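Asker: Got a structure for you, questions after.
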Amino acid sequence: MAPETERVHETWVHSDRRIPKGFVRPIMRFTQLEASSGSLLLVAAVIALIWANAPFGESYKEFWHTHVHIEVGGFHFDESLKHIVNDALMAIFFFVVGLEIKRELVVGELRDPKKAALPAIAALGGMIVPAAIYLLFVAGQGGEATQGWAIPMATDIAFSVGVISLLGKRVSTGAKLFLLALAIADDIGAIMVIAIFYTTDLSMLWLSLGILGLIGVYIAQRWGIRSMGFYWVTGIIIWFFIFESGVHATLAGVALGLLTPVFPLYSEDDYRRRTSWILGRFEMNRAAPNHRERLDYDAMQMAAVATESVAPLDRLEHQLAPWSSFVVVPLFALANAGVRFADFENGVADALTSPVTLGVALGLLVGKLSGISLATWIAVRAGVGKLPTQTGWPQIIGLAALAGIGFTVSMFVTELAFTDVALADSAKIGIFIGSGIAGIFGYTLLRKAKTPAEAVAEQFEEAAEVPV
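Going by the working numbering, the sequence shown opens with residue 282, and the numbers climb by one from there.
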């Protein structure tokens, strides 16, 4: 790392004054974006269900199984539209997830081991208990059904944050950050599960090429290569290597997100000094004979300084998060949420009583609620962590219920876990039921629960009413 970059890095790491700018504001923008995208995600899922069960429902599968064939020399690509969405476009979603994980680990709640302990332990409880509940339901099924144990482990940030946004100030900022940190820790667990348990036909040659590409990105950063064009091209090549390796290609997006720098090249002082100097020269160049060319050059330099005064992570998230939230994830829901009830032997009744459906639904609803609440209680009692500011146990239980909304990543894991269409459809119905009830239940608990501030105010009122 260059000395100037090291100085900027040290300034950002050790200045508490910069943390609100470097973490809280971006994370609030991110949660607002996720909250507003939740409704579009729901609309896409409903459209998929209506389309799949309409009289022309067969066209749903036919459309998403349309193949795209590209062949250039020795390069050969032949995948269905559904696989393009799941393997290629979802890499953008997981890249944005990787960016959020990187921010959390470097300047966020997960950078401090003491602060990270509580959401991390809570997330672990919220993964283990749902998986155990699912396995209890499918124990007698055997075969491929047991491969779906990771489906109820996930928390959907967009939907859970969307529900919290409806509650306004009844949920404190500390509670929102706790849920977000928990969901991101949950995402880390889901990514590890996908990488370890849902990788098939591993090719070490292609995987080695992908890892070498990631090392190349790291070296390019150390050498000071700043061109986004270079990283875009390299990132697409790395995605292709990982795609061919047998490891799910979306993990390339996560890896690239984790490699993205959190800190800008120029500090605030550098920005102020450089822009002042350029503006001064700008005024002098206005009187020069070839002033138009000089002014254009000054403007380009000003733009370059402004760009490099914003961290690459923030720039990329600003560019890609709207595409991820409003295009990629709704397309994913549209391509994967279309469960056709006519395909079940006894229709809806068969779908609702399937062990896979019940295992997923209760894993999300009961498993998340009990796993997160119990793990949080144990961590606080053991002194490993403490509750967020202005957050009591009623709020923690409500947040734990909301964490049972597991739409996007749960659907994603379903596609990886099952080749049997009936099992996959049963799991998706379980996701709909479990996530829906969890969202309503969590909202109700948080709506009715008194915030710590309200509880203190009530105590003062009761004390004032007691006669002296």
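Don't be surprised by glycine CBs; every beta carbon is placed ideally from N, CA and C. It should be emphasised that the depicted structure is a prediction, and the values quoted were computed from it without experimental measurement.
Indicate the three-state DSSP secondary structure (helix, strand or coil) for Ser484 in the structure shown.
Answerer: The residue given as residue 484 occupies position 203 in the sequence shown. Here Ser484 sits in coil by DSSP.
Asker: Which residue from Ile718, Lys731, Leu727, Ala708 puts its Cα closest to that of Pro433?
Answerer: Locating residue 433 in the sequence shown gives position 152, where the first residue counts as 1. Considering only alpha carbons, the answer is Ala708.
Asker: I think Ala397 touches Leu391, with their Cβ atoms under 8 Å apart; what is that distance to the nearest whole Å?
Answerer: What you label residue 397 is simply residue 116 of the sequence shown in a count that begins at 1. What you label residue 391 is simply residue 110 of the sequence shown in a count that begins at 1. Indeed, because the Cβ distance is near 4 Å, the residues count as touching under 8 Å.
Asker: Mapping the DSSP letters down to three states, classify Phe358 as helix, strand or coil.
Answerer: Position 77 of the sequence shown holds residue 358. Strand, per DSSP.
Asker: What does Glu339 pair with, by DSSP beta-bridge criteria?
Answerer: Mapped onto the sequence shown, residue 339 falls at position 58. None; Glu339 has no bridge partner.
Asker: Which residues in the same chain have their Cβ closer than 6 Å to the Cβ of Val222, if we skip the five residues on either side of it in sequence?
Answerer: Missing from the structure shown is residue 222; the chain here goes from 282 to 749 and no further.
Asker: Rounding to the nearest angstrom, what Cα-Cα distance links Ala326 and Ser320 in this structure?
Answerer: The residue labelled residue 326 in the question sits at position 45 within the sequence shown. The residue labelled residue 320 in the question sits at position 39 within the sequence shown. Approximately 10 Å, taken between the alpha carbons.
Asker: Report the three-state DSSP secondary structure of Val349 (helix, strand or coil).
Answerer: Translated into positions along the sequence shown, residue 349 becomes position 68. Three-state result, Val349: strand.
Asker: If you draw a straight line from the C-alpha of Ala335 to the C-alpha of Thr634, how long is it?
Answerer: On the sequence shown, residue 335 is found 54 positions in, with the first residue counted as 1. On the sequence shown, residue 634 is found 353 positions in, with the first residue counted as 1. Those two C-alpha atoms are separated by around 23 Å.
Asker: Taking only the alpha-carbon atoms, compute the straight-line gap between Leu597 and Tyr499 and give it to the nearest angstrom.
Answerer: Counted from its first residue, the sequence shown places residue 597 at position 316. Counted from its first residue, the sequence shown places residue 499 at position 218. Looking at the two C-alpha atoms, the distance is approximately 17 Å.
Asker: Enumerate in chain order the residues of its own chain whose CB-to-CB distance from Leu488 is below 8 Å, with the five nearest sequence positions on each side excluded.
Answerer: Your numbering for residue 488 matches position 207 in the sequence shown. Same-chain partners within the cutoff: Phe522, Ile523, Ser526, Gly527, Val528.
Asker: Closer than 8 Å is the cut-off here; do at least three beta carbon pairs connect the region 536-554 with the region 585-603?
Answerer: With a cut-off of 8 Å, the region 585-603 and the region 536-554 count as touching, because enough Cβ pairs lie within range.
Asker: Alpha carbon to alpha carbon, how far is Gly715 from Thr427? Give it in angstroms, no decimals.
Answerer: Counting from one through the sequence shown, the residue named residue 427 turns up at place 146. Counting from one through the sequence shown, the residue named residue 715 turns up at place 434. Whole-angstrom Cα-Cα distance: 19 Å.
Asker: I believe Val609 touches Leu370 by the beta-carbon criterion, under 8 Å. Please report the beta-carbon distance rounded to the nearest angstrom.
Answerer: Within the sequence shown, numbered from 1, the residue matching residue 609 stands at position 328. Within the sequence shown, numbered from 1, the residue matching residue 370 stands at position 89. Right, their Cβ atoms sit about 5 Å apart.
Asker: Cutting at 8 Å between CB atoms, please list the residues of its own chain near Ile402, excluding the five before and the five after it.
Answerer: Taking the sequence shown and counting its residues from 1, the one referred to as residue 402 is at position 121. If we look at Ile402 and ignore the five residues flanking it on each side, its Cβ neighbours are Ala656, Thr657, Ile659, Ala660, Val665, Gly666.
Asker: Using 8 Å for Cβ pairs, my map puts Gly619 next to Ala439. What's the rounded Cβ distance?
Answerer: Start at 1 with the first residue of the sequence shown, and residue 619 comes out as number 338. Start at 1 with the first residue of the sequence shown, and residue 439 comes out as number 158. Between Ala439 and Gly619 the Cβ distance is about 19 Å, and since that is not below 8 Å, they are no contact.
Asker: If you measure between the beta carbons of Met375 and Gly534, is that distance less than 7 Å?
Answerer: What you label residue 375 is simply residue 94 of the sequence shown in a count that begins at 1. What you label residue 534 is simply residue 253 of the sequence shown in a count that begins at 1. It is Phe, not Met, that sits at residue 375 in the sequence shown. A contact, by the Cβ cut-off of 7 Å.
Asker: Who are the near neighbours of Leu639 in its chain, counting only those whose CB is closer than 6 Å to its CB and skipping five residues on each side?
Answerer: Against the sequence shown, residue 639 aligns to sequence position 358. Result list for Leu639: Phe418, in chain order.
Asker: Is the region 700-707 close to the region 665-679, with three or more CB pairs under 8 Å?
Answerer: Cβ pair count under 8 Å is below three, so no.
Asker: Which whole runs of the alpha helix (DSSP H) in the region 701-736 are 4 residues long or more, in chain order?
Answerer: Listed in chain order, the complete alpha helix (DSSP H) runs (minimum 4 residues) inside the region 701-736 are 702-729.
Asker: Just tell me which of Ser557, Leu532, Ala642, Gly449 has its CA closest to the CA of Gly470.
Answerer: Within the sequence shown, the letter at position 189 stands for residue 470. Considering only alpha carbons, the answer is Leu532.
Asker: Under 7 Å, do Leu726 and Ala682 count as touching if we go by C-beta distance?
Answerer: The residue labelled residue 726 in the question sits at position 445 within the sequence shown. The residue labelled residue 682 in the question sits at position 401 within the sequence shown. Yes, Cβ-Cβ distance for Leu726 and Ala682 is below 7 Å.
Asker: So, is Thr828 buried or exposed, given that buried needs 16 or more other C-beta atoms within 10 angstroms?
Answerer: Here the chain comprises residues numbered 282 to 749, so residue 828 is not present and cannot be evaluated.
Asker: Report the three-state DSSP secondary structure of Ser320 (helix, strand or coil).
Answerer: Residue numbering aside, residue 320 sits at position 39 when the sequence shown is read from its first letter. Three-state DSSP puts Ser320 in a helix.
Asker: Going by Cα to Cα distance, which pick from Thr347, Leu539, Ile409 is closest to Gly644?
Answerer: Taking the sequence shown and counting its residues from 1, one reaches residue 644 at position 363. Checked all of Thr347, Leu539, Ile409; the closest Cα to Gly644 is Ile409.
Asker: Could you compute how far the alpha carbon of Arg662 sits from the alpha carbon of Gly717?
Answerer: Counting from 1 along the sequence shown, the entry for residue 662 is found at position 381. Counting from 1 along the sequence shown, the entry for residue 717 is found at position 436. If you take the alpha carbons of Arg662 and Gly717, they lie about 31 Å apart.
Asker: In chain order, what residues of the same chain have a beta carbon less than 7 Å from the beta carbon of Gln757, not counting five sequence neighbours either side?
Answerer: No information on residue 757 is available, as it lies outside the stretch 282 to 749 that the chain covers here.
Asker: Three-state secondary structure (DSSP) at Trp558?
Answerer: Locating residue 558 in the sequence shown gives position 277, counting from the first residue. Three-state result, Trp558: helix.
Asker: Rounded to whole angstroms, how far is the Cβ of Ile382 from the Cβ of Leu539, which I believe are closer than 8 Å?
Answerer: Along the sequence shown, one-based indexing puts residue 382 at 101. Along the sequence shown, one-based indexing puts residue 539 at 258. At roughly 7 Å, the Cβ-Cβ gap stays under 8 Å, so Ile382 and Leu539 are in contact.
Asker: Helix, strand or coil, according to DSSP, for Ser520 in the structure here?
Answerer: By 1-based counting over the sequence shown, the position of residue 520 is 239. The amino acid occupying residue 520 in the given sequence is Trp; Ser does not appear at that position. Looking at Trp520 - three-state DSSP - the assignment turns out to be helix.
Asker: Could you tell me if Lys457 is buried or exposed, where buried requires 16 or more neighbouring beta carbons within 10 angstroms of its beta carbon?
Answerer: If you number the sequence shown from 1, residue 457 lands on position 176. Answer is buried; the Cβ neighbour count reaches 16.
Asker: Consult DSSP for Glu437 and reduce its assignment to one of helix, strand or coil.
Answerer: Numbered from 1 along the sequence shown, position 156 holds the residue referred to as residue 437. According to the sequence provided, residue 437 is Asp. The question's Glu does not apply to it. Asp437: coil per DSSP, three-state reduction.
Asker: The alpha helix (DSSP H) that contains Ser548, what's its start and end?
Answerer: The sequence position of residue 548 within the sequence shown is 267, counting from 1. No alpha helix (DSSP H) contains Ser548, which DSSP labels as neither H nor E.
Asker: Mapping DSSP to helix, strand and coil, what is Trp332?
Answerer: As a working note, residue 332 is residue 51 in the sequence shown. In this structure, Trp332 counts as helix in the three-state DSSP scheme.
Asker: Near Lys729, which residues of its chain fall below 7 Å by C-beta distance, leaving aside the five closest residues on each side in sequence?
Answerer: As a first step, residue 729 is located in the sequence shown; it is residue number 448 there, counting from the start. Once the five neighbours on either side are set aside, Lys729 has no close Cβ partner at all.
Asker: At which residue ranges does the region 605-648 contain complete beta strand (DSSP E) runs of 3 or more residues, listed in the order of the chain?
Answerer: The qualifying runs do not exist here; there are none.
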